[in-house]
Each structure stands twice: as C-alpha cells, then as structure tokens.
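In the working numbering, the protein residues as written are 4 to 179.
Structure, as structure tokens:
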C-alpha cells in the first residue's frame, strides 16, 4: 500500500505467468480508477516479431471488453490495463472484482499463450480462424452464396476427376 500515490501493489500466480504483479490506482483525486499489470512483456522494442506482437495486442483488445494494452517504446515494456473514470460516483465491490478478476483471467488465460506463441513464431494462433470469419461475414452479407460456391466447387472437382479418368494413362499408350 502506497498512500501518497494512492496505489496498492499485489500479485497473483497464474497458470501461464509465474508472478503477475498488479497495481491498483486512483488518480485525479479519486475520480479515475486503474488496475494494471506492468511488465507483462518486455524487450519488445527490438524484437524480430514486434509488429505481430503489437497487432495481436490490438486484436485481443478488439475481442475483449475493458482490457487495453500500453506499450512503452523507450524500453519495450508492455502492460495490460483496465481503467475508467469514476468522476463523482463510488466504485462498487462488484465493479472492482470484475475489473481485478477480468484483468487476471484475460492476461493469464487468454493473452499470454497467444503472445508467447507470437513472440516465438511471428504468427497469432487466432489468425488461423480468419478464413472462417471471412466466410461467416460473406454468409451474413449474401445469404445463400456459400451454398452456391460449395456446389460450384464440387462440380469443378467432379469435372477434374472425370477428365483424369478420360485421359489416357501411361499404361494405355502403345510402346514401340
């Protein structure tokens, strides 16, 4: 507890992070609340997969509620944060618990496995679902089109098989 800075330091042990440091902070005379995990990742500024790491962080923010990512370009530190204004309202215990548990769960269970994979390979595991997302979007925009495309592809396959069966094979040719 740091009363002068209105911060509480705590931490948890997760399944994917040995020790997740968590800082709970009130700013602006108690009118702005933050709970964050500093140093979730470090040394990203010169990492070979830096752009993929940052893109994955943005994707995770897009896919989740509340969770945001901060990147310090001076040292490459990445932190996960949930923050919002309280203004003249009091935070309830339920709101606080949702923020704290949400931060821990999202970082430990969802983000860290993805980010570690991206750091090792340069590829986000969830990008493999991009084709499926594209097909779902296409189906939403043009209902029935996927069925038409599926039938057309099957017909094309059948024509290809028929062509292969109709063409002379090596054993059918006459040898001189």
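Where a beta carbon is used, it is the ideal one built from N, C-alpha and C, also for glycine.
Residue i to residue j span [Cα, whole Å]
i, j, result
"residue 24", "residue 159", "57 Å"
"residue 126", "residue 59", "9 Å"
"residue 21", "residue 149", "46 Å"
"residue 72", "residue 94", "22 Å"
"residue 69", "residue 77", "25 Å"
"residue 99", "residue 87", "11 Å"
"residue 16", "residue 146", "47 Å"
"residue 43", "residue 61", "15 Å"
"residue 83", "residue 151", "44 Å"
"residue 163", "residue 52", "41 Å"
"residue 107", "residue 120", "19 Å"
"residue 169", "residue 54", "51 Å"
"residue 123", "residue 50", "10 Å"
"residue 66", "residue 109", "11 Å"
Sheet register partners of residue i (DSSP bridge)
i, result
"residue 119", "Answer by DSSP bridge pairing: none, since residue 119 is not bridged."
"residue 58", "None, per the DSSP bridge assignment."
"residue 85", "38"
"residue 72", "83"
Supposed contact pair residue j and residue i - C-beta distance, whole angstroms, cut 8 Å
i, j, result
"residue 38", "residue 85", "5 Å"
"residue 79", "residue 47", "4 Å"
"residue 63", "residue 113", "7 Å"
Interface flag, residue i vs chain B, CB-CB below 9 Å
i, result
"residue 121", "Checking the listed chains, one finds no chain B in this structure; it contains a single protein chain."
Close-in-space but distant-in-sequence residues of the same chain around residue i (CB under 7 Å, 5 per side omitted)
i, result
"residue 179", "Residue confidence is low: residue 179 scores 49 on pLDDT, short of 50, so the model does not pin down where it sits. Its coordinate-derived value is still stated next. Hits under 7 Å: none found."
"residue 104", "none"
"residue 34", "88, 89, 90"
Nonlocal neighbours in the same chain, by C-beta distance under 8 Å from residue i, ignoring five residues either side
i, result
"residue 28", "8, 9, 10, 11, 36, 37, 38, 39"
"residue 18", "111, 112"
"residue 117", "59, 63, 127, 128, 129"
Beta-carbon contacts of residue i that lie in its chain and below 6 Å, excluding the five residues immediately before and after
i, result
"residue 75", "none"
"residue 4", "11"
Beta strand (DSSP E) segment containing residue i, residue limits
i, result
"residue 47", "From DSSP, residue 47 is part of no beta strand (DSSP E); its letter is neither H nor E."
"residue 29", "23 to 30"
Delimiting residues of the alpha helix (DSSP H) encompassing residue i
i, result
"residue 165", "148 to 169"
"residue 107", "96 to 108"
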